[in-house]
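Protein chains in written order, with this note's numbering: chain A, 93 to 204; chain B, 93 to 204.
Below is one structure; the comments refer to it alone.
Number of protein chains: 2
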Amino acid sequence: MHSPELLKGTLQTIILKLLADSGKMYGYEITQRVKELSGGMLTLTEGALYPTLHKLEAEGLLSTEKISMGKRVRKYYLLTPTGTNTAAQKIEDFEAFIATMFKVLQIKPQLG
Amino acid sequence: MHSPELLKGTLQTIILKLLADSGKMYGYEITQRVKELSGGMLTLTEGALYPTLHKLEAEGLLSTEKISMGKRVRKYYLLTPTGTNTAAQKIEDFEAFIATMFKVLQIKPQLG
DNA sequence: TCGTATTACATAAGACTCTAATGTATTAAA
DNA sequence: TTTAATACATTAGAGTCTTATGTAATACGA
Chain A
93 MHSPELLKGT
103 LQTIILKLLA
113 DSGKMYGYEI
123 TQRVKELSGG
133 MLTLTEGALY
143 PTLHKLEAEG
153 LLSTEKISMG
163 KRVRKYYLLT
173 PTGTNTAAQK
183 IEDFEAFIAT
193 MFKVLQIKPQ
203 LG
Chain B
93 MHSPELLKGT
103 LQTIILKLLA
113 DSGKMYGYEI
123 TQRVKELSGG
133 MLTLTEGALY
143 PTLHKLEAEG
153 LLSTEKISMG
163 KRVRKYYLLT
173 PTGTNTAAQK
183 IEDFEAFIAT
193 MFKVLQIKPQ
203 LG
């Protein structure tokens with residue numbers, strides 16, 4: 093991203109939405125999915141991702157499953173019922189934020 | 093705003109765009125204009141606004157004019173040529189950010 | 001088979017941006 | 001006359017990120 097500051101506050105929303113859509117994902121998978129969906133415009137750094145995943149788990153929004161892949165252990169994250177509600181709420185908040193920003197900046201959403 | 097974290101990174105964009113549209117404004121006027129345009133959803137705190145104005149001035153994006161209103165002194169901020177360019181760039185960055193977020197979140201802009 | 005890239009987890013220091021609190025002073029309105 | 005609004009400003013602290021670093025398994029090409 094040209095303006096990484098804009099990303100602030102959106103990381104939790106992104107994680108929760110991806111998990112809501114995909115059921116369960118592990119950390120590295122999330123970074124790859126974001127890169128793919130954004131067409132390479134957005135890259136999640138591990139220093140941001142893992143602390144956020146741990147925080148969301150500590151808050152009861154996510155639960156984890158460890159799956160052994162040979163000698164390697166993958167840690168899958170899943171939404172809890174609370175996490176599912178929060179995911180929906182975060183999406184709404186984001187949409188409201190965008191609508192407000194369009195008003196304040198007096199610009200219109202671009203389609204396509 | 094329900095999610096004040098989302099505002100992070102957008103303050104400079106808001107200030108520069110308002111000045112681009114209005115020619116010149118003073119700090120308090122900016123807070124009122126944002127409140128008005130957002131329908132009360134967004135309130136700029138002075139602790140965020142003034143340091144940002146000073147920073148933008150120090151970076152050469154804004155210049156100032158002090159106007160005496162009786163015993164009170166208003167400090168008007170204006171875009172420099174560089175500031176005008178940066179304002180346009182920040183709007184573009186914001187629009188690109190929104191487009192990317194819609195892709196990543198797999199949602200669509202709401203019209204109206 | 002040896003080195004490099006990728007996969008996969010994680011932490012820590014520091015930067016940056018904001019909120020909340022506080023401060024000063026003028027002016028308008030009740 | 002006292003409260004609200006106007007108008008400037010600073011500071012401590014919180015929160016969220018980037019950058020750097022670390023460990024280790026696996027895949028791939030030379």
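Glycine included, every Cβ here is placed at the ideal spot set by N, Cα and C.
Every value quoted in this text rests on a predicted model; they were computed, and no experiment measured them.
In the DSSP assignment, B/S160 forms a beta bridge with B/V165. Listed in chain order, the beta strand (DSSP E) elements of length 3 or more contained wholly in the segment 121-198 of chain A are 154-161 and 164-171. Pairing A/I190 with B/G131, the inter-Cα distance amounts to about 14 Å. Three or more beta-carbon pairs separated by less than 8 Å are not found between the segment 188-202 of chain A and the segment 148-163 of chain B, which leaves the two stretches without contact. DSSP places B/K100 outside both helix and strand once states are collapsed to three, so it counts as coil. Contact check for A/L141 and A/T123: beta-carbon distance about 6 Å, within the 8 Å limit, so the pair qualifies. For A/T176 and B/A150, the gap between their C-alpha atoms comes out near 45 Å.
Taking a C-beta distance under 8 Å as the contact criterion, B/Q104 and B/T144 qualify as a contact pair.
In the DSSP annotation of this structure, the continuous segment of the beta strand (DSSP E) that includes A/K116 starts and ends at K116 to Y118. Distance between A/V165 and A/Y118, taken at the CA atoms: about 10 Å.
Of all residues in the segment 122-152 of chain B, the ones placed with a Cβ closer than 8 Å to any Cβ belonging to chain A are V126, L129, S130, G131, M133 and L134, in chain order. Between the C-alpha atoms of B/A179 and B/V126 there is a straight-line separation of about 16 Å.
Here A/T192 is buried: its Cβ has 16 or more other Cβ atoms, across all protein chains shown, within 10 Å.
Within 10 angstroms of the beta-carbon of B/K182 lie 16 or more other beta-carbons, which makes it buried. Annotated as proximal: B/Y168 and B/I159, with beta-carbon spacing under 8 Å.
The beta-carbon of A/T156 is placed no less than 8 Å from the nearest beta-carbon of chain B. When the five nearest sequence neighbours on each side are left out, the beta carbons in the same chain lying within less than 8 Å of the beta carbon of B/T102 are those of F186, in order along the chain. Neighbours of B/T176 across chain A, judged by C-beta separation under 7 Å, do not exist; the nearest C-beta is about 15 Å away.
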